[in-house]
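Student: Supplied in structure tokens, the structure appears directly below.
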Amino acid sequence: MATTACFIIVSRNDIPIYEAEVGSAAKREDAAQLHQFILHAALDIVQDLAWTTSAMYLKAIDRFNDLVVSVYITAGHILNIVN
Amino acid sequence: MVDPASTPLGKMLLDEITPVVMVLCTPNVEETCQKNGLTFVQMLSPFCDFNNIDVPVRTASDQPYRLHKFRIRLFNASDIRQPNLEVAKERLKQVITQVGEKDFNELCLDQPPVDNSRARSESENLPSWFQFFNKELIQISSFSDHEAFDHPVACLLVVSSKDEQPINHFVDLFNTNKLPLLLNDGAMDPKILKHYLLVHDNQDGTSEKATKILTEMRITFGSDCQLLCINSSQDGMVERQDNPWPFYKSDASLKQKLGCFLNVDDINEMKDLMQDLSSKHIIPYMELKIRVLNQQVSATRKGFRNQIKNLWWRKGKDDIVDSPNGPTYTFSSIESQIRVLGDYAFMLRDYELALSNYRLISTDYKLDKAWKRYAGVQEMMGLAYFMLDQSRKEAEYCMENAFNTYWKMGPSGQNNATRCGLWWVEMLKTRDQYKEAATVYFRICDEEPLHSAVMLEQASYCYLLSKPPMLHKYGFHLVLSGDRYKKCDQVKHAIRTYRNAVSVYRGTTWSHIKDHVHFHIGQWYASLERYDLAITYMLEVLACSHQSKTTQDIFLRDFLQIVEKTGKNFEVLKLQLPEINISSLKIIFEDHRTYASPTAASVRESTWRSLEEDMIPSLSSGRTNWLELQSKLISKKYKESNICVAGEAVKVDIEFKNPLQISISLSGVSLICELSESSESDGTKSDANSSATELQNDDESTKLTSRDMSSRNFFSLSEVDFSLGAGETVAAQLTVTPRVEGVLQIVGIRWKLSGSVVGFYNFEPNSTKKKSAKGRRANCSPSDNLKFIVIKSLPRLEGYIHPLPKSAYAGDVQHLVLELRNQSECAVKNLKMKISHPRFLNIGKRENLNMDFPSCLEKKTDSEWSCLQANPSNMSESIFMFPEDTIIQGETSFLWPLWFRAAETGNISLYITIYYEMDDVSSTMRYRTLRMHHNLQVLPSLDVSFQVSPCPSKLQEFLVRMDVVNKTSTESFQFHQLSSVGDQWEISLLQPVDTIFPSRSLLAGQALSCFFMLKSYRKSATSEEKTPPFALLGSSVRLGPQGSTELLFDISSSPLADFHHCERLHQENVHQEDPTTVDFILIYRPVKSDVNPGISDPARLFSHHACYCSIASRSPISWLVDGPRTLYHNFSASFCEIKLSMTLYNSSESVASVRINTSDSNSSRNLSDLMEAHATSSGNQVGWHDVALVTDIKVTSDVVEAKFGKSSSLESVPPFIWSGSSSTRAQVEPLSSTKIPLQICVFSPGTYDLSNYVLHWNLLLSNGEGNSDEETRRSSGTCQGYPYHLTVLQSV
């Protein structure tokens, strides 16, 4: 379990509307962009899954190395969490 | 499903998994071949593909089938070994670098958007070198001992006819020393099919000798001997259209004529040779071997008994050492034989047989923990399933299993894992499972960054090709791949991948991603010294407000470094630093409207227009006048443009914002303008326009500079330098001053960032939201707002008011001077002025200019005061016309006095507009207006209130109570005088001044009340009308220190009277209409606290105007009971009869009818009863009135019920009774008094309160007077009597 996390709220059309870096780990210089990259890439998966499931919370739908993407989908918006 | 053999993977397998023929040849053979620039293997390679052969084959179970396509692979014996990893890597790197160079040069500057690339076909999409690279990668893991398909099936022994003793050479060639390791270490059977070939060079002579050797060979080695004659072409000039060899010799230079000595006969001979070799020898040999092996396998491993035995035997071997490669198997072991059987069957396309054998051996290897072999078998099983087009699941499972097993082996299985992965990917791709393929590519990535880079890039393309396309993943993997490329210094590849990624991220708001991508592309281009491209990418990241300070610093520094390296002034059209707040764009220009100060320009146009409404000679007519004139000069097209005057600056206010946390410096911030000079005729004018459009076709930056240069003489620009701190916003004012007539267009802004980069910002016509100060142009299109028609220079007045204070205390009266300066040479005339707040500013007269204020206001002798007569004309809110003869000549200034009074507390905006006309009739503009604006803060000074109440003892006299509170915090004031306005009033002191103001001045926060006497001299309505309305005659009392010689101020003099009039107008709305009101003017002065406390500042004067102070009586009727107060009477003789008289005064202007009702009451009433009675009577009793108009005083007697129930009781005799009539009616003429006699009878001595009477009054309005004004006033009422105390004493 990584001690870093990034929290992004993404609106429709993939526009990030809120971003927060949380976690206790010492910040890497490229953490922000890495997280953005991973979350941005995970949107593909989210877009696929969103139509196939009625669940709003999608746990660990995508991963990159030790970073796991979990998503909470609301009716219109998407909310991402990386752990 | 298509035929598996025709899929890319199928083709690949048919190419790769084919019998290997080991070639052993003597140096003489090679020498012969080198004449053609080829090795022997290379020479024969083109003829190893057989696309239309027809070889009958039988399966192990005697099922006949035919092979139509076949391929054999030729390898020199020395090459049959595991490739050297380092060499292989180097080779791969070389391949990639070459491709990188090639691609980079082809790289178009504008990468296509991602949608286009999706639309392109797959083959176009994927760089072709991927295939090649993958092939090379697969070949790294060839000739492994754990799999048999790379093991040579046959051996081709080649000897040249030039060799001495060719037979011996043949024997020598198959000497174990030279054989590959595979054959020697027992991994494969050294007894393989041998084929003997004699090569004869036709250039060495005829083939007779060769034929002889061949016969000899046949005798020695049997029938497997052949002769190949080559180099039949003598001149070496054979040219062919489709040279087959370059494909097989990658490092060949183009000049080399490959196969130049080989003519058609040679080629046919080679073709025949190879075909013969494969179909007559290799295939039958393999077929035979399959049968033999199959029989063996069946005998030992097939059947129930064998399986049990095998299992038992395997279990017994549980204690074997767990080495990574498992136990070694020699060629003679049954496991190897099964494997060979499987591979041979696979190569002969008997996939069923292959699969069953792979399955058989797979469990054995697994039990033996021979993981590499197990994985290899699993891999082959997967491929066999694929080729059989059976059970996809099984195929994928096998591939995954194989991949994982290789992977678990660590570095030794790496290359095999890669190969397996690539095959697996191809399998998935064939089935359109691109998404899964991408993940496999991702898994193939190993420590080797170059391999991973290529794999990741291929993965990204898989994401792109998957349906629906997964663009996010595509972008991400491209970036990952780019990073890896960068790690192994393949910058060009890195740029290529990143640039493809940009197309994904373009237009998104994922700022960190965009910054990362753009910044790195920029950096990499810079490292390749492609600075122009580097800068275009770096520009994208400059406005990175979301990044940390250090990152911003790095971005900016790198950018500036790159710019520096270009060694020239870089000009950028859309520089993002600083941000320009286009909505803040505000253009201030002056046509006929000129502004005295910038604040005046920011005032809303409607404010000015309402002020100027009556002053401008009607807006439309005025405009048409000068537009008509202009239309001669200016074409209709520009009619809607703005007008500005040559020599007068057009100001542009715009905000610059630094989004970064680091400060940036800007220099040379100026406007970009175009001015096309207009000449008299329209013809040349259009020329100017066309030249301007020509310029626009040029390159953007050169256009800007050239435009700048060409028109440099026509206008001048202001340049501003400033630096923006972190996150700072600076509003800059830029000006352009046209010098010649023409059309001026403001195009944009330019600035220099950090002294090196020139940024431009063009005001896009459609995005410009001009918030002009001119409302008049609101409907015009925005582009016109930046276009100006420059007209001939005109006089322009500059106006100042000095010394107009910024803040003042309320009531402050000051003498100001308006100065108008005319800088031009022409004179102006017909000046008019209007002030928005006449309460605050009043226009004086020319004579007042040099007057000594405030002493000029002091009362002089009657003859002198004329000069300060109030002038009624400028007191109303009308326009002040300066005297007809006022002409401000060129380069002179003009002064005019103004009076200022801080009338009201609060923040006040004063607007002054001055209209003037040009003396020069020929000018295009007839008139202009000067608009002045001044903000003023007025602080409260004294809070003065007046209360006027009628004097109880005297008619027509009033008591004035003045309450003053000093609201200031520091100032002290001294009163100078209090004046009542109007000749019908006279005010006088009640007490000596020193008693009122013992401390002389009113300190801050102090309050004071004092009383004055006010006498009315009001005669009648008719006499009052005669007095002029503005002549403020009045009476004053001096409140200054006693004995001072200060003169009183004349309240009828100009500023005071004028201001008073304004105050009256202002307060009119506040107070209800009341005829009996009085106005007061209190004049006071601040105390010079610092110099001499107690002495007022003679230079300053404050005035307070209290208008419409009601003289407090509610009713128009007042009365006074007159009579003795004390008297002696002998009650023993008789009751006492006392005569009283009541004087009634009617202060209204109509005849009043008054009825006095007396009521006898108990004298024992105490005061509270009285109050109660008063309260009830005043509230409830509404007197009836007799409408009959009686002219005489009529005394009627009525029996009136006593009002007070208590008093009507007969139990006790009241101590006095009203004698005479109990009700008296009287008529009082307007503004006159009447006396009514009253009488009481007193029965015993005592003190009596004679207040038990009630007055009913009623105004008798004549019909003519019944206008609305009168109706609002009270026309009737009831008054309770005043207390009147009478003491009657018993006389002795």
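If you read the protein sequences in the order shown, they are chains R and Z.
Per full-length UniProt numbering, residue 1 is the first one in the first sequence, and the count goes up by one each step.
Per full-length UniProt numbering, residue 1 is the first one in the second sequence, and the count goes up by one each step.
Every residue gets a Cβ at the ideal spot worked out from N, C-alpha and C, and that includes glycine.
On a Cα-Cα basis, can you pick out the residue from Z:V95, Z:L611, Z:S336, Z:L44 that is closest to Z:L74?
Tutor: Z:L44
Student: Whose C-alpha, out of R:Y72, R:H40, R:T53, is nearest the C-alpha of Z:H477?
Tutor: Of the residues R:Y72, R:H40, R:T53, the one whose Cα lies closest to the Cα of Z:H477 is R:H40.
Student: Tell me the residue span of the alpha helix (DSSP H) that contains Z:A1152.
Tutor: Premise fails: Z:A1152 lies in the beta strand (DSSP E), 1151 to 1158, not in any alpha helix (DSSP H).
Student: So that I know if they touch, is there some Cβ in chain R lying closer than 7 Å to that of Z:F476?
Tutor: Contact with chain R is found for Z:F476, since one of that chain's Cβ atoms lies less than 7 Å from the residue's Cβ.
Student: So which residues on chain R does Z:K473 lean against when the C-beta distance must stay under 7 Å?
Tutor: Residues of chain R passing the Cβ test: A41, D44.
Student: Count the other CB atoms within 10 Å of the CB of Z:T968; is the residue buried (16 or more) or exposed (fewer)?
Tutor: Classification of Z:T968: buried, given that the 10 Å Cβ count is 16 or more.
Student: Tell me, please, whether the CB atom of R:A32 is closer than 7 Å to any CB atom in chain Z?
Tutor: yes
Student: Could you pull the start and end residues of the alpha helix (DSSP H) that Z:M833 belongs to?
Tutor: Here Z:M833 belongs to no alpha helix (DSSP H); instead the beta strand (DSSP E) covers 828 to 835.
Student: Below 7 Å between beta carbons: does that hold for Z:V938 and Z:A1106?
Tutor: no
Student: Considering Cα atoms alone, identify which of Z:F763, Z:L611, Z:S941 is closest to Z:C673.
Tutor: Z:F763
Student: Once you ignore the five residues that flank Z:A395 on each side, which residues in its own chain have a CB closer than 7 Å to its CB?
Tutor: G382, Y385, F386, M427
Student: Less than 7 Å separating the beta-carbons of Z:Y531 and Z:T566?
Tutor: yes
Student: Please list the segments of the beta strand (DSSP E) lying wholly inside the region 938 to 1006 of chain Z, counting only runs of 3 or more residues, in order along the chain.
Tutor: 942 to 950, 957 to 966, 973 to 981, 985 to 989
Student: For Z:F559 and Z:P578, what's the separation of their Cα atoms in angstroms?
Tutor: 14 Å
Student: Can you find a C-beta in chain R that's less than 7 Å from the C-beta of Z:D698?
Tutor: Its pLDDT being 36, under 50, Z:D698 is placed unreliably by the model, and the measurement read from it follows with that caveat. So no, Z:D698 is outside the interface.
Student: For Z:Q561, count neighbouring Cβ atoms within 10 angstroms of its own Cβ and tell me buried if that reaches 16, exposed if not.
Tutor: Exposed, since its Cβ has fewer than 16 Cβ neighbours within 10 Å.
Student: Ignoring anything shorter than 3 residues or poking outside the region 542 to 622 of chain Z, list the beta strand (DSSP E) runs there in chain order.
Tutor: 570 to 572, 579 to 588, 593 to 595
Student: Quick one, are the C-beta atoms of Z:Y365 and Z:R373 less than 7 Å apart?
Tutor: yes
Student: Verify whether the separation of the beta carbon atoms of Z:K209 and Z:S161 is less than 7 Å.
Tutor: yes
Student: So Z:I912 is in the beta strand (DSSP E); what residue range does that whole segment cover?
Tutor: 906 to 918
Student: Are Z:S481 and Z:A453 closer than 7 Å when you measure CB to CB?
Tutor: The answer is yes: Cβ separation under 7 Å.
Student: Between Z:I513 and the rest of its own chain, which residues show a CB-CB distance below 6 Å, the 5 nearest in sequence each way excluded?
Tutor: Y505
Student: What distance in whole Å lies between the Cβ atoms of Z:Y1084 and Z:F1102, which are believed to be in contact at a cut-off of 8 Å?
Tutor: 5 Å
Student: Just checking: is the beta-carbon of R:F7 within a distance shorter than 7 Å of some beta-carbon in chain Z?
Tutor: no
Student: Could you check if residue 1321 of chain Z is buried or exposed, using at least 16 other CB atoms within 10 Å of its CB as the buried criterion?
Tutor: Residue 1321 of chain Z lies beyond the stretch modelled for chain Z, which goes from 1 to 1292, so this question has no answer here.
Student: Taking the C-alpha atoms as reference points, what is the distance between Z:F1049 and Z:E741?
Tutor: 57 Å
Student: Taking 7 Å as the CB-CB cut-off, is R:I15 touching chain Z?
Tutor: yes
Student: Under 9 Å Cβ-Cβ, which residues of chain R neighbour Z:V377?
Tutor: Under the 9 Å cutoff, chain R gives no residues; its nearest Cβ is about 31 Å from Z:V377.
Student: Thinking C-alpha only, which one of Z:N168, Z:D266, Z:M188, Z:D185 is nearest Z:T220?
Tutor: Z:N168
Student: Residues of chain R with a CB under 7 Å from the CB of Z:E837: which are they?
Tutor: Reading the sequence as shown, one finds His at residue 837 of chain Z and not Glu. Per Cβ cutoff of 7 Å: no residues; Z:H837 is ~50 Å from chain R at best.
Student: Spatial neighbours of Z:T97 within its chain, please: C-beta separation below 6 Å, excluding the five flanking residues on both sides.
Tutor: none
Student: Excluding the 5 residues preceding and the 5 following Z:S511 in the sequence, name in chain order all residues of the same chain whose CB lies nearer than 6 Å to its CB.
Tutor: H546
Student: Would Z:M43 count as contacting chain R if we go by Cβ distances under 7 Å?
Tutor: Not a single CB atom of chain R sits nearer than 7 Å to the CB of Z:M43.
Student: Can you tell which of Z:F714, Z:L157, Z:P411 has its C-alpha closest to the C-alpha of Z:E648?
Tutor: Z:E648 has its Cα closest to that of Z:F714, out of Z:F714, Z:L157, Z:P411.
Student: Tell me where the beta strand (DSSP E) around Z:Y761 begins and ends.
Tutor: From DSSP, the beta strand (DSSP E) with Z:Y761 extends over 757 to 762.
Student: Say yes only if the C-beta of Z:P190 is nearer than 6 Å to one or more non-hydrogen atoms of the ligand MG, and no if none qualify.
Tutor: Questions concerning the ligand MG fall outside what the structure shown contains, since it holds no ligand whatsoever.
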